[in-house]
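Trainee: First to last, the sequence lines map onto chains A and B.
Count along the first sequence from 1, add 616, and you get the number used in this note's numbering.
Count along the second sequence from 1, add 616, and you get the number used in this note's numbering.
Don't be surprised by glycine CBs; every beta carbon is placed ideally from N, CA and C.
Protein chains: 2
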Amino acid sequence: MFSTFRDRFPIDDKKRNEYVSYFKLMKVPAKTRLLEEGKISKKMFLIETGCIRVWFNNNGKDVTTQFFFENNMVGSIESFRKNIPSPVTIETIEPSVLWWIHKKDLDKIMEEIKEIPSLRDMFIDAIFDRTYDYMKQFISSIKDSPEQRYLNLIQERPQIIRRIPQHYIASYLGITKVHLSRIKSKLAKG
Amino acid sequence: MFSTFRDRFPIDDKKRNEYVSYFKLMKVPAKTRLLEEGKISKKMFLIETGCIRVWFNNNGKDVTTQFFFENNMVGSIESFRKNIPSPVTIETIEPSVLWWIHKKDLDKIMEEIKEIPSLRDMFIDAIFDRTYDYMKQFISSIKDSPEQRYLNLIQERPQIIRRIPQHYIASYLGITKVHLSRIKSKLAKG
DNA sequence: CTGATTTGTTAACAAATGTTATCGCGGGAG
DNA sequence: CTCCCGCGATAACATTTGTTAACAAATCAG
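1. Just to confirm before moving on: does the CB-CB distance between residue 712(B) and residue 702(B) stay below 8 Å?
2. So with CB distances below 7 Å, who are the chain A contacts of residue 681(B)?
3. I want to see whether chain B comes within less than 8 Å of residue 779(A), judged by CB atoms only; does it?
4. CB-CB under 6 Å to residue 725(B), same chain, minus the five flanking residues each way: which ones, in chain order?
5. Taking the alpha helix (DSSP H) that residue 636(B) belongs to, which residues open and close that run?
6. For residue 659(A) and residue 647(A), what's the separation of their Cα atoms in angstroms?
7. For residue 739(A), which three-state DSSP category applies?
8. Specify the secondary structure class of residue 721(B) as computed by DSSP and reduced to three states.
9. Taking residue 652(A) as the reference, give the member of 738(A), 797(A), 722(A), 673(A) with the closest Cα.
10. Can you tell me whether residue 757(A) is buried or exposed? The criterion is at least 16 other CB atoms within 10 Å of its CB, across all chains shown.
11. Interface residues of chain A around residue 790(B) at Cβ under 8 Å?
12. Under 9 Å Cβ-Cβ, which residues of chain A neighbour residue 706(B)?
13. Please name the residue in 685(A), 745(A), 655(A), 626(A) whose C-alpha comes closest to that of residue 667(A).
14. Applying a beta-carbon distance threshold of less than 7 Å, which residues of chain A neighbour residue 751(B)?
15. Give me, in chain order, the residues of the same chain whose beta-carbon lies closer than 8 Å to that of residue 802(A); leave out the 5 immediate sequence neighbours on both sides.
16. Report the option in 716(A), 680(A), 649(A), 710(A) whose CA atom is closest to the CA atom of residue 639(A).
17. With DSSP as the reference, please indicate the residues paired to residue 683(B) in a beta bridge.
18. To be precise: take each residue of the segment 693-718 of chain B, compare its Cβ to all Cβ atoms of chain A, and keep it if any distance is under 8 Å. Which residues remain?
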């Protein structure tokens, strides 16, 4: 799991081992809530195996905003960064193996990283990439039909299609599960 | 225009004057294209007066993705940062007074800023805020109806309602101008 | 001022999407 | 094994949204 760290982060072994030691292993069943809407986030999670969805309650209906898989880092960044109640619930879909790190430890790592120019730039790039992702998703939502967005998902994120229950995907696309089912059957015929 | 700089940026007068000297004034009429889709962005713009929209061509139809007003910094960040062709056109809506800065000068400023912890953190915060904005917009697009999104706009960005032609707003909301007109008349009656 | 262009409204109809309900399949709990 | 229950498909009907077209109002160039 941490081998990618070794390749990409130019820090000495001692430091790296210290950083790695902050992460703790946990195994959880499906549908485990790692963070509840309204609570303040104190942990970030790194997925070794399994998958996770991020969602919130909108007038009694689930709205799914993100999916995460192996090697992704998951957390309510907004809650984490600003110490405000999380707008979302974070929940496993499959039984999962996770590494988690406490906020105070991650903050410490971040402070140190920001003094190393190459790492700092990687960090900034990562944030920018995140911004571009959301930008693309927003643009797609006003430019593409639900059918087109489903096709995009097949192309760009086949894992979602393969591993995620369909009603979560529908919620993620902003449509009902009935409508998604119709889109699928239409595509199967056409 | 640059008075906010003085208050918020803890750098000495000499440096600040150097930075300010990089910005050049320009006055342009409405519908001036500051950056064309497909070109590589070499400039960022700071709006003194006027407003700007960002849009791209989607199978012959305008899709508007952003609006900017006074004191906003505008540019195709993606093109600017990665030196790739801009996915969008940037165009004034009203006659505008702008300050522009060349990429190489802004890069220089950025490199220096990143060595000053408080400024660096401000910069990182700014990127995060941008990410949250897009995140919110994306979430609103899957959670809210067009009517609700229009109401949100009235609440949160009244400038858009007041100053932007309605068909651009419709395009920004991902609906047709006819539909937006219907929403307005429905709200006027209800 | 005047004609042309841009912007906004409305109506009639078509297509997309939501709602509700029903059915069936398959896996997990007991 | 059996019985739920989560998940997905489909149908019938309701509502929302798009399309096209015609017209009205506002704005702009000459």
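Mentor: Per the coordinate set shown:
1. Here residue 712(B) corresponds to residue number 96 of the second sequence, with the count starting at 1. Here residue 702(B) corresponds to residue number 86 of the second sequence, with the count starting at 1. Taking C-beta atoms as the reference points, residue 712(B) and residue 702(B) fail to come closer than 8 Å.
2. Here the question's residue 681(B) lines up with position 65 in the second sequence. Result: 755.
3. Counting from one through the first sequence, the residue named residue 779(A) turns up at place 163. No, its Cβ sits nowhere closer than 8 Å to a Cβ of chain B.
4. Your numbering for residue 725(B) matches position 109 in the second sequence. Correct list, in chain order: 635.
5. Numbered from 1 along the second sequence, position 20 holds the residue referred to as residue 636(B). Run containing residue 636(B): 629-637, per the alpha helix (DSSP H) assignment.
6. Taking the first residue of the first sequence as 1, we reach residue 659(A) at position 43. Taking the first residue of the first sequence as 1, we reach residue 647(A) at position 31. Straight-line Cα distance between these residues: approximately 18 Å.
7. Within the first sequence, numbered from 1, the residue matching residue 739(A) stands at position 123. Assigned with DSSP and collapsed to three states, residue 739(A) falls in helix.
8. Counted from its first residue, the second sequence places residue 721(B) at position 105. Of the three classes helix, strand and coil, the one that applies to residue 721(B) here is helix, per DSSP.
9. Here residue 652(A) corresponds to residue number 36 of the first sequence, with the count starting at 1. With distances taken between Cα atoms, residue 652(A) lies closest to 673(A).
10. To locate residue 757(A), count along the first sequence from 1; it is residue 141. Note on residue 757(A): 16 or more other CB atoms within 10 angstroms of its CB, so buried under the neighbour-count rule.
11. Working through the second sequence from its first residue, we reach residue 790(B) at position 174. Neighbours of residue 790(B) in chain A, taken as residues whose beta carbon is under 8 Å from its own, are 757, 758, 759 in chain order.
12. For this step, residue 706(B) is matched to residue 90 along the second sequence. Near residue 706(B) there are no residues of chain A at all, since even the closest Cβ is about 15 Å away, more than 9 Å.
13. Looking up residue 667(A) in the first sequence gives position 51. When only C-alpha atoms are compared, the closest one is 685(A).
14. As a working note, residue 751(B) is residue 135 in the second sequence. Per Cβ cutoff of 7 Å: 750.
15. As a working mapping, residue 802(A) is identified with position 186 in the first sequence. Within the same chain, residue 802(A) has close Cβ partners 763.
16. Residue numbering aside, residue 639(A) sits at position 23 when the first sequence is read from its first letter. Closest option to residue 639(A), Cα to Cα, is 716(A).
17. Here residue 683(B) corresponds to residue number 67 of the second sequence, with the count starting at 1. According to DSSP, residue pairing for residue 683(B) in a beta bridge involves 669(B).
18. Listed by position, the residues of the segment 693-718 of chain B near chain A (Cβ gap below 8 Å) are 693, 694, 697.
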